[in-house]
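Only one structure is covered here, and it is reproduced in the block below.
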Amino acid sequence: MKAGTRLERILASGKFAVTAEAGPPKGTSAEVIRKKGELLRRCCDAVNVTDNQTAIVRMSSLAGCLLLRQQGIEPVMQMVVRDRNRLALQGDVLGAVALGINNILCLSGDHQKFGNHPTAKGVFDIDSIQLILTLKMLRDEKKFISGEDVSGEVPVFIGAVANPFADPFEYRVSRLAKKVKAGADFIQTQAVYDVPKFARWMEMLTERGLDKKVHILAGVIPVRSAGMARYMRDYVPGVTVPDEIVTRMEKADNPKEEGVRIVLEMY
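For what it's worth, the numbering used here labels the leading residue of the sequence shown as 61, then goes sequentially.
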């Protein structure tokens, strides 16, 4: 075990693991996170807390994770490199571990121009792959990026994200391989709607032996309406929503139930 978290133990056992996502509020209400935690408690093995998702200012992921942990729910702290340099990133990792938050998901972050502070400066001191490598150094070598020693243990279960559907498709597995080489222990994917394309992606990574080196968690987002399905198909980069799913949602008497049914059929 690298960190001994519940998520790591379940994945190591070969069992099916389920995670969900809880977005923090655009304010200071801890109750928002607590309510989401209670809804997800019996459904999930761990809960991701987003980090200024879509470049919109929200309560920090670290604070949200601590609130979940106080409820007895295992959190996954998301960290984006858009907003912090290497000093702040490493400091937040140490703080998270000190608070008992050991699952960390490394991301680039949505570009700030799409958020509510479009003139903010993106930091991007290091990229998401370098962040993965940084966490691995902290954990395995007890070293900061600078080469200085870390005081104490830094047991983290390192996560990364993958988009099997972005172009160029052939490059997706190569990028995943870089993240695995850097030290990723588990991968969470973009939402899957195009199952044949996802299956091909899985075949390609299996051919390279990556399925033996990292745990893959396929992402799902139940669509709630035909409008949502069309929007994701037409405007969300990297998400492939087949026309037949849009048609099903348009014809559905109860779109919310149909959206859940579509997800269940995929898996």
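Glycine included, every Cβ here is placed at the ideal spot set by N, Cα and C. Bear in mind that the values here come from a model prediction, so they are computed numbers and not experimental data.
Short Cβ contact (8 Å threshold) for residue i with residue j
{"i": "L128", "j": "V107", "result": "yes"}
{"i": "E134", "j": "R66", "result": "yes"}
{"i": "V141", "j": "I186", "result": "yes"}
{"i": "L126", "j": "I161", "result": "yes"}
{"i": "F225", "j": "D271", "result": "no"}
{"i": "V109", "j": "M137", "result": "yes"}
{"i": "R268", "j": "A244", "result": "no"}
{"i": "M197", "j": "V233", "result": "no"}
{"i": "V274", "j": "V240", "result": "yes"}
{"i": "F246", "j": "L71", "result": "yes"}
{"i": "P84", "j": "G124", "result": "yes"}
{"i": "A82", "j": "D105", "result": "no"}
First and last residue of the uninterrupted beta strand (DSSP E) at residue i
{"i": "C166", "result": "N163 to L167"}
{"i": "T249", "result": "F246 to A251"}
{"i": "L277", "result": "H275 to G279"}
{"i": "T88", "result": "Looking at the DSSP string, T88 is not in any beta strand (DSSP E), and its letter there is neither H nor E."}
{"i": "G219", "result": "F217 to A222"}
{"i": "P82", "result": "Residue identity check: residue 82 is Ala in the sequence provided, not Pro. Note, A82: beta strand (DSSP E), T79 to A82."}
{"i": "Q138", "result": "P135 to V140"}
{"i": "A106", "result": "A106 to V109"}
Distance between residue j and residue i (C-alpha atoms, nearest Å)
{"i": "V320", "j": "N314", "result": "10 Å"}
{"i": "V296", "j": "G151", "result": "33 Å"}
{"i": "E325", "j": "E91", "result": "34 Å"}
{"i": "A158", "j": "L149", "result": "14 Å"}
{"i": "D111", "j": "F258", "result": "26 Å"}
{"i": "S211", "j": "A242", "result": "22 Å"}
{"i": "Y231", "j": "Q130", "result": "41 Å"}
{"i": "T179", "j": "K173", "result": "7 Å"}
{"i": "A312", "j": "V183", "result": "45 Å"}
{"i": "M61", "j": "R146", "result": "26 Å"}
{"i": "L191", "j": "P228", "result": "23 Å"}
{"i": "K95", "j": "H177", "result": "28 Å"}
{"i": "R293", "j": "G175", "result": "20 Å"}
{"i": "D303", "j": "R235", "result": "28 Å"}
{"i": "Y291", "j": "G298", "result": "13 Å"}
{"i": "S206", "j": "I93", "result": "36 Å"}
{"i": "K181", "j": "G74", "result": "42 Å"}
{"i": "V280", "j": "R260", "result": "17 Å"}
{"i": "C103", "j": "R284", "result": "19 Å"}
Run of the alpha helix (DSSP H) containing residue i, from where it starts to where it stops
{"i": "E1", "result": "The structure shown does not extend to residue 1, since the chain is modelled only from 61 to 327, so the question has no answer here."}
{"i": "L193", "result": "S188 to K196"}
{"i": "F258", "result": "V255 to E267"}
{"i": "P315", "result": "P315 to M326"}
{"i": "Q130", "result": "S121 to Q130"}
{"i": "V153", "result": "R146 to A158"}
{"i": "A237", "result": "Y231 to A242"}
{"i": "A115", "result": "From DSSP, A115 is part of no alpha helix (DSSP H); its letter is neither H nor E."}
{"i": "M288", "result": "A286 to Y295"}
{"i": "S73", "result": "R66 to S73"}
Whole-angstrom C-beta distance between residue j and residue i, which should lie under 8 Å
{"i": "F204", "j": "A63", "result": "Contact doesn't hold; Cβ gap of about 19 Å is too wide."}
{"i": "T249", "j": "A278", "result": "5 Å"}
{"i": "T88", "j": "M119", "result": "7 Å"}
{"i": "E318", "j": "M309", "result": "6 Å"}
{"i": "P282", "j": "V323", "result": "5 Å"}
{"i": "G155", "j": "L122", "result": "7 Å"}
{"i": "A220", "j": "S188", "result": "7 Å"}
Closer than 8 Å to chain C by CB, residue i
{"i": "E310", "result": "Going by chain labels, chain C is absent from the structure shown, which holds only one protein chain."}
- Item | Segment contact, 8 Å Cβ cut-off, at least three pairs: the segment 109 to 121 with the segment 163 to 176 | yes
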